[in-house]
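Engineer: For the working numbering, count along the sequence shown from 1 and bump the result up by 36.
Attaching a single structure in structure tokens format; questions to follow.
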Amino acid sequence: MSDLQSAVTLVKDGIHNPSEPRHFMRVIECSNQVTATLDGLELANSRRALKVKEVGFDIYDTVFYFPREDVSMARLSKNEKTTHCPLKGDTEYFDIQTDDGQKENLAWSYDRTIGIADVIKNYIGFDTRGVQVTEYTAGI
Numbered sequence: 037m038s039d040l041q042s043a044v045t046l047v048k049d050g051i052h053n054p055s056e057p058r059h060f061m062r063v064i065e066c067s068n069q070v071t072a073t074l075d076g077l078e079l080a081n082s083r084r085a086l087k088v089k090e091v092g093f094d095i096y097d098t099v100f101y102f103p104r105e106d107v108s109m110a111r112l113s114k115n116e117k118t119t120h121c122p123l124k125g126d127t128e129y130f131d132i133q134t135d136d137g138q139k140e141n142l143a144w145s146y147d148r149t150i151g152i153a154d155v156i157k158n159y160i161g162f163d164t165r166g167v168q169v170t171e172y173t174a175g176i
């Protein structure tokens, strides 16, 4: 991390946008069980998900990224939508097939990443406006 990035964000192990040090994320390996469900259908179940916390124009909600091996990929179909993030890279989007029909653009993956954002390359994220993502933690 450069001195400028450290001075601006004070975030240890942060991944920074090369052109804007105030745009950064932190990727945390999650050993807790994390699931993604839609209409009662389990789409993903993992103890190897990555928890991504990002700051850009806002402090964004945490996104969990699942290894493809832990995702019901047969339910996902790649569509034509793509986006670009100057911090993470280029995405591909997926529609999700449920028993009640197809839900559009509710999953994505960074198929081309930038620099050290490679850690999330080809993992699957879900849009929590349509998919319920739950991290199970031990009760206290």
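All C-beta atoms, glycine included, are put in the ideal place defined by N, C-alpha and C.
Keep in mind that this is a model prediction, so the values were computed, not measured.
Does DSSP classify A171 as helix, strand or coil?
Structural biologist: Along the sequence shown, one-based indexing puts residue 171 at 135. Note that residue 171 is Glu in the sequence shown, not Ala. Correct three-state label for E171: strand.
Engineer: Whole alpha helix (DSSP H) runs in the segment 79–143 with 4 or more residues, listed along the chain?
Structural biologist: For the segment 79–143, not a single whole alpha helix (DSSP H) run of length 4 or above is found.
Engineer: Nearest CA to the CA of K117: which residue from E140, Q168, L74, K48?
Structural biologist: Counting from 1 along the sequence shown, the entry for residue 117 is found at position 81. The shortest C-alpha separation from K117 is found at E140.
Engineer: Examine the Cβ distances between the segment 84–100 and the segment 55–75 and report whether three or more of them are shorter than 8 angstroms.
Structural biologist: These segments touch.
Engineer: Would you tell me roughly how many angstroms separate the C-alpha atoms of G161 and V47, rounded to the nearest one?
Structural biologist: Here residue 161 refers to the residue found at position 125 of the sequence shown. Here residue 47 refers to the residue found at position 11 of the sequence shown. Computed Cα separation, rounded: 23 angstroms.
Engineer: Could you check what DSSP says for G50 in three-state terms: helix, strand or coil?
Structural biologist: By one-based count along the sequence shown, residue 50 stands at place 14. Looking at G50 - three-state DSSP - the assignment turns out to be coil, as it is neither helix nor strand.
Engineer: Quick one: is K114 buried, meaning 16 or more other Cβ sit within 10 Å of its Cβ, or exposed?
Structural biologist: Within the sequence shown, numbered from 1, the residue matching residue 114 stands at position 78. Under this definition K114 is an exposed residue.
Engineer: What did DSSP end up calling I150 once you bin it into helix, strand or coil?
Structural biologist: As a working mapping, residue 150 is identified with position 114 in the sequence shown. Coil.
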